[in-house]
Amino acid sequence: MKEIIKITLALTISCLIAGTVMGGVFMITARAKQQSEIMNIQQSLFGLLGYNIHHPAPPGVVLLHVYRYIVEDDSGVCSGYLFPVQHGARAEYGFLILNQTGQFVAQFPVADQAEKLINEADRNTAVQTAAGASKIIRYADDMTIVRTGDQRTAYVLMGKFSGFKTFIHALVALNPDFGINGMEITSHEEDPGLGGEIEKEYFKNQFKGKSFEKLQILTVTRDPLPEDYRQYLETQKWQGRKISQADAAVLGEKYRRADIHAISGATISSTCVTQGVKQLVKNFAYRIALLDRAIQENRIPAAF
Amino acid sequence: MSKTTQTNTQLFFSGILNENPIFRLALSMCPAVGLSTTVMNGLLLGVAVLFVQVFSSCTISLIRNTIHPRIRIPTYTLTIATWVTVIDLILAAYVPVAYKALGIFIRLIVAFAIITMRLEVFASKNEVWPSFWDGMGMGLGFLLGMTVLGAIREVLGMGTFLGVDLLGFRPMLFFVLPAAGFFTVGFMMAIFNYSEKIYKRRKGG
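Chains C and E, in that order, are what the protein sequence lines are. Anchor point for the first sequence: position 19 equals 19 in the working numbering, and the numbering is continuous, going up by one each time. For any residue, its number in the working numbering is found by taking its place in the second sequence, counting from 1, and adding 304.
This is the structure:
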């Protein structure tokens with residue numbers, strides 16, 4: 001009996017010490033970790049819009065985040081949108097709930113600052129308090145509306161879709177007509193050397209310049225990638241011997257309507273990305289139309 | 305194995321050569337096969353294992369007299385898990401590039417056979433300083449093994465080294481797939497054993 005108590009006590013103390021160490025390190029690093037994750041996504045986002053350290057965004061450009069939630073209550077499943085609204089000079093957030101067909105259901109103000117809402121846990125609490133405890137809310141995805149002056153100049157969608165084994169997370173930049181400006185894979189777990197090639201330039205840049213109409217019928221072809229097309233796509237790799245702008249324009253025009261060339265040995269991953277991006281853009285085009293109409297009909301002073 | 309009679313230098317080098325975790329002890333085969341697809345992966349995981357091994361060895365060696373013998377295995381696991389979590393958190397916060405490449409694999413270090421084995425046969429019976437050198441040797445041995453495997457598989461499978469295109473084509477694509485890890489480990493073991501045989505024969509004759 002004495003032995004049992006001794007062992008239990010020893011294990012408990014060890015666990016407590018281990019827990020304290022882990023907790024302490026977590027407390028110290030939590031903020032830095034969150035910061036680096038946000039920075040990472042922010043960097044990809046700016047990169048997609050064509051801005052980097054050497055070409056910073058001009059001052060007139062404003063990025064507005066719209067977070068989409070799934071809202072469930074007794075009456076059914078609805079979509080909730082959290083977006084910035086402008087009350088004169090005072091900027092705050094509004095949470096708008098629309099049903100499946102885009103009809104207005106409810107609207108709540110959310111008083112928190114934009115910086116606080118970047119953090120997912122804080123944002124979920126803020127939305128939950130605004131919407132009331134009777135509703136079940138689930139975060140779905142995030143889209144960014146880029147505004148220059150009064151004009152919408154681009155959209156950036158943040159989404160995930162299934163890959164060969166697990167989810168692929170991607171950012172897709174769209175122009176105002178929902179044509180693709182660029183695509184970036186932010187995280188994936190495809191096989192290195194095979195499906196992992198989806199993050200390489202020669203694959204992801206194939207999506208660049210595809211119009212919304214073309215996107216509807218976009219498919220994956222297993223034909224090999226033509227050599228001149230590959231050189232056109234790999235802009236960073238061939239930086240030294242850059243093809244001239246005129247040549248690039250000709251090549252871009254030549255392959256603008258081409259289907260996506262699958263990565264050799266990774267047709268499934270290629271198809272997954274193509275279908276995922278298609279679905280993402282299609283859903284977004286539908287949802288933004290509903291959201292815009294609801295905002296107009298209800299005279300909500302949205303910031304975009 | 306009771307208290308060691310080897311000097312610290314001997315301990316250090318035995319981990320790298322005579323008792324190399326991958327090629328001689330054939331421990332921790334799972335990461336050796338699964339994760340050595342590129343040089344960078346091998347190197348990063350090797351560094352992570354090195355840190356966990358050294359810290360865990362030192363910790364266990366420090367508290368070796370207070371561990372109840374019946375619960376030594378849970379205590380080892382707890383120690384390793386703590387250090388793995390600490391390294392996981394630090395990497396995620398300050399080296400996001402490495403964290404992105406390794407991701408879930410860091411957490412798998414908890415179950416690596418080589419670390420528990422060194423704690424059981426060495427650190428729990430020896431002073432802190434020899435345990436430190438033993439951990440260093442074993443960790444470095446693992447790191448070197450992983451890097452060599454990664455180099456072979458990356459060059460043969462993808463024609464690149466550290467992501468830089470060497471050959472311009474892919475000689476044998478299947479080398480990046482998990483199954484080819486077994487071939488590579490097997491060949492390396494054979495080379496290790498063969499060179500030892502030759503070395504002994506030369507010394508003897």
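Glycine included, every Cβ here is placed at the ideal spot set by N, Cα and C. This structure is a prediction, so every number in the text was calculated from the model and none was measured.
Item to check | Residues, ordered as in the chain, of the region 168 to 201 of chain C that lie near chain E by beta-carbon distance below 8 Å | outcome: S187, E189, D191, P192, G193, L194
Checklist entry - Does the Cβ of W551/E have 16 or more other Cβ atoms within 10 Å, making it buried, or fewer, making it exposed? => result Because chain E in this structure spans residues 305 to 509, residue 551/E falls outside the shown range and cannot be described.
Item to check | Three CB pairs or more closer than 8 Å across the region 160 to 173 of chain C and the region 288 to 300 of chain C | outcome: no
Checklist entry - What's the C-alpha gap between G443/E and L347/E? => result 11 Å
Checklist entry - Using 8 Å as the limit for Cβ to Cβ distance, is L477/E near chain C? => result yes
Checklist entry - Listing by chain order, which chain C residues have their CB less than 8 Å from the CB of I394/E? => result V25, T29
Checklist entry - Is any beta-carbon of chain E found at less than 8 Å from that of S36/C? => result yes
Checklist entry - On the three-state DSSP scale, how would you describe Y503/E? => result helix
Next on the checklist: Under 8 Å, Cβ to Cβ, is there at least one residue of chain C near L382/E?
Outcome noted: yes
Checklist entry - Is any beta-carbon of chain E found at less than 8 Å from that of N40/C? => result yes
Next on the checklist: Please classify C334/E as buried or exposed, where buried requires at least 16 other C-beta atoms within 10 Å of its C-beta.
Outcome noted: exposed
Checklist entry - Ends of the beta strand (DSSP E) at Q310/E? => result Taken as a continuous stretch (DSSP letters only), Q310/E belongs to no beta strand (DSSP E), as it is neither H nor E.
Checklist entry - So which residues on chain C does I375/E lean against when the C-beta distance must stay under 7 Å? => result I7, A10, L11
Item to check | Residues that M1/C contacts on chain E, provided the C-beta gap is smaller than 9 Å | outcome: Going along chain E, no residue has its Cβ under 9 Å from M1/C, so there is no contact; the nearest lies around 14 Å.
Item to check | Neighbourhood of H65/C by C-beta distance below 7 Å, restricted to the same chain and skipping five residues each side | outcome: D142, T144
Item to check | Cβ of V432/E within 8 Å of any chain C Cβ | outcome: no
Checklist entry - Between which two residues does the beta strand (DSSP E) containing M143/C stretch? => result 136 to 148
Checklist entry - Among R374/E, L354/E, L423/E, which residue has its Cα nearest to the Cα of P5/C? => result The question names Pro, yet the displayed sequence has Ile at residue 5/C. Residue R374/E is the option with its Cα nearest to I5/C.
Item to check | Inter-residue spacing [alpha-carbon to alpha-carbon] between L255/E and R328/E | outcome: Lying outside 305 to 509, the shown extent of chain E, residue 255/E is not represented and no answer is given.
Next on the checklist: For chain E, check one thing: does any of its Cβ atoms lie closer than 8 Å to the Cβ of A18/C?
Outcome noted: yes
Checklist entry - Tell me which same chain residues have a C-beta within less than 6 Å of the C-beta of K135/C, skipping the five on either side of it? => result V71, D73
Checklist entry - Can you list, in chain order, the residues of its chain whose CB lies under 7 Å from that of S162/C, leaving out five sequence neighbours each side? => result C272
Next on the checklist: Along the chain, where does the alpha helix (DSSP H) containing D259/C start, and where does it finish?
Outcome noted: Looking at the DSSP string, D259/C is not in any alpha helix (DSSP H), and its letter there is neither H nor E.
Checklist entry - Of all the options V401/E, L412/E, S365/E, which has the alpha carbon lying nearest to the alpha carbon of S428/E? => result S365/E
Item to check | Three-way DSSP call (helix, strand, coil) for I320/E in this model | outcome: helix
Next on the checklist: Tell me the rounded alpha-carbon separation between I377/E and V390/E.
Outcome noted: 20 Å
Item to check | alpha helix (DSSP H) runs wholly inside the region 411 to 493 of chain E, at least 4 long, in chain order | outcome: 417 to 425, 432 to 462
Checklist entry - Is it the case that the Cβ atoms of I97/C and A106/C are separated by a distance below 8 Å? => result yes
Checklist entry - On the three-state DSSP scale, how would you describe D223/C? => result coil
Checklist entry - So, helix, strand or coil for D73/C, using DSSP? => result strand
Checklist entry - Taking Cβ to Cβ, would you say I326/E is nearer than 8 Å to V459/E? => result no
Item to check | G461/E: contacting residues in chain C (beta-carbon distance under 8 Å) | outcome: G193
Checklist entry - Expressed to the nearest angstrom, what Euclidean distance is found between the alpha-carbon atoms of I217/C and K278/C? => result 9 Å
Item to check | Cβ of V480/E within 8 Å of any chain C Cβ | outcome: yes
Checklist entry - At least one CB of chain C closer than 8 Å to the CB of V489/E: is that the case? => result no
Checklist entry - Hey, would you say V307/C sits closer than 8 Å to L82/C, going by beta carbons? => result What is shown of chain C runs 1 to 304, which leaves residue 307/C out entirely.
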